[in-house]
Amino acid sequence: MKYLVIKCGGSVYETLPTSFYKSIIQVATDSEWTPIIVHGGGPKISKLCEQLNIESTFYNGLRVTSQEVLEVAEMVLNGSINKEIVTKIHNEGGKAIGLSGLDGHLLVAEPLKGGKLGFVGEVKEVHASILAQVAEQGFIPVISPIASDNDGQHYNINGDMAAAAIAGALGAKLCFVSNVPGIWIDKDGERTILSEVSDLEIKELIKKKIISGGMVPKVISAIESLQNDVKEVSIISGHDEESIKILTSGGNVGTKVFLEEGVTYVG
Numbered sequence: 001m002k003y004l005v006i007k008c009g010g011s012v013y014e015t016l017p018t019s020f021y022k023s024i025i026q027v028a029t030d031s032e033w034t035p036i037i038v039h040g041g042g043p044k045i046s047k048l049c050e051q052l053n054i055e056s057t058f059y060n061g062l063r064v065t066s067q068e069v070l071e072v073a074e075m076v077l078n079g080s081i082n083k084e085i086v087t088k089i090h091n092e093g094g095k096a097i098g099l100s101g102l103d104g105h106l107l108v109a110e111p112l113k114g115g116k117l118g119f120v121g122e123v124k125e126v127h128a129s130i131l132a133q134v135a136e137q138g139f140i141p142v143i144s145p146i147a148s149d150n151d152g153q154h155y156n157i158n159g160d161m162a163a164a165a166i167a168g169a170l171g172a173k174l175c176f177v178s179n180v181p182g183i184w185i186d187k188d189g190e191r192t193i194l195s196e197v198s199d200l201e202i203k204e205l206i207k208k209k210i211i212s213g214g215m216v217p218k219v220i221s222a223i224e225s226l227q228n229d230v231k232e233v234s235i236i237s238g239h240d241e242e243s244i245k246i247l248t249s250g251g252n253v254g255t256k257v258f259l260e261e262g263v264t265y266v267g
């Protein structure tokens, strides 16, 4: 199977048109590609934390996750958002199964190094055979990035990082679906989208704060995934109904991320 891992950010999820889901279903039924969706849910987590008077802060674009925040994240990610996406796919005539990283121990986690983010983890291992079995039955897997370690401790995983780990385990193409059609830069006084960008260029853009906020974990995950057997990484717009189809047909869309030969990214 040829896999396409599609990461839908929480900021873009609520505004995705039905045509986006239709395009994924079309790719699943009419092409050689098998789509796998990994989703986030940051805005909804922030909103529920606010309603419950639970402090929620960020560090370097990642959410600091206390036990209370972790419980909220699980409710939002494993519950409402995951099942909403599954329902939207069903409503457009597709077949989907919602999973979290906890199901079947799909994602094995360990604490993210640094110790400043609480119960935020990184993916240590992916049991990819679970996804292959689901896909072979004709279902589109929809994955929530909550995982556990071997002792059963749950962790909140950044969705971009979870998607990168899954794509690496499957040797898949990876695309980050955003509310913008790629990485913007200022060129000759006008904003323009980079058609492609290297790891070295990304490092400089981060230093200059041209890439900032939630885009930082996206591009770092993109680079790390390329270093771990992911075939291709792109950042595309979820509001362009043709973007997924263009990507799977080999066309150019959004911003393609690549490694410069012989270079290792240092975050």
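Just so you know, full-length UniProt numbering puts 192 at position 192 of the sequence shown, and the rest follows in order with no gaps. Where is the CB? At the ideal position from N, CA and C, for every residue including glycine.
Query, Result
"Looking only at its chain, what residues have a beta carbon closer than 6 Å to the beta carbon of residue 298, apart from the 5 residues adjacent to it on each side?", "Because the chain is modelled from 1 through 267, residue 298 falls outside the range shown and cannot be assessed."
"How many angstroms separate the CA atom of K7 from the CA atom of G189?", "31 Å"
"Measuring alpha carbon to alpha carbon, tell me which of S144, A172, I54 and N150 ends up nearest V38.", "S144"
"Below 7 Å CB to CB, which residues in the same chain sit around T29 once its five sequence neighbours on both sides are set aside?", "none"
"Suppose only complete runs of 3+ residues qualify. What are the beta strand (DSSP E) ranges in the segment 142-185, listed by chain order?", "146-148, 154-157 and 173-178"
"Tell me, to the nearest whole angstrom, how far the beta carbon of E260 is from that of D199; I am working on the premise that it is less than 8 Å.", "6 Å"
"Along the chain, where does the alpha helix (DSSP H) that runs through V69 open and close?", "Q67 to E74"
"If you draw a straight line from the C-alpha of E74 to the C-alpha of N156, how long is it?", "8 Å"
"In the DSSP assignment, find the alpha helix (DSSP H) that holds G10 and state where it starts and stops.", "G10 to Y13"
"Can you give me the C-alpha to C-alpha distance between A96 and E125, rounded to a whole angstrom?", "23 Å"
"How many angstroms separate the CA atom of D229 from the CA atom of F258?", "12 Å"
"Evaluate contact between the segment 76-84 and the segment 38-47, counting only Cβ atoms and requiring at least three cross-stretch pairs below 8 Å.", "yes"
"Do you know how far the Cα of A167 is from the Cα of G138?", "19 Å"
"State buried or exposed for P17, treating a residue as buried only when at least 16 other CB atoms are found within 10 Å of its CB.", "exposed"
"Using the rule of at least 16 other Cβ atoms within 10 Å of the residue's Cβ for burial, across every protein chain shown, is G251 buried or exposed?", "exposed"
"For a test of the three-state rule: what should DSSP assign to T57, helix, strand or coil?", "coil"
"Could you give the first and the last residue of the continuous beta strand (DSSP E) run that contains L99?", "A96 to S100"
"Could you name the residues of the same chain whose beta carbon sits closer than 8 Å to that of L106, not counting the 5 residues immediately before and after it, in chain order?", "L99, S100, V126, H127, I130, L131, I143 and A147"
"By Cβ distance below 6 Å, which residues in the same chain neighbour S221 in space, the five residues on each side in sequence not counted?", "D160, M161 and A164"
"If you drop the 5 nearest sequence neighbours on each side, which residues of the same chain put their C-beta closer than 6 Å to that of K116?", "Y59"
"Compare the beta carbon distance of I185 and I210 with 8 Å and say whether it is the shorter of the two.", "yes"
"Please state whether the Cβ-Cβ distance between I244 and G182 is less than 8 Å.", "no"
"Excluding the 5 residues preceding and the 5 following A169 in the sequence, name in chain order all residues of the same chain whose CB lies nearer than 6 Å to its CB.", "V126 and A128"
"Return the first residue and the last residue of the beta strand (DSSP E) that F258 is part of.", "T255 to F258"
"What is the DSSP secondary structure of H239, counted as helix, strand or coil?", "coil"
"If the criterion is Cβ atoms closer than 8 Å, does the pair I25 and G121 meet it?", "no"
"I need the boundaries of the alpha helix (DSSP H) containing I45, first residue and last residue.", "G42 to Q51"
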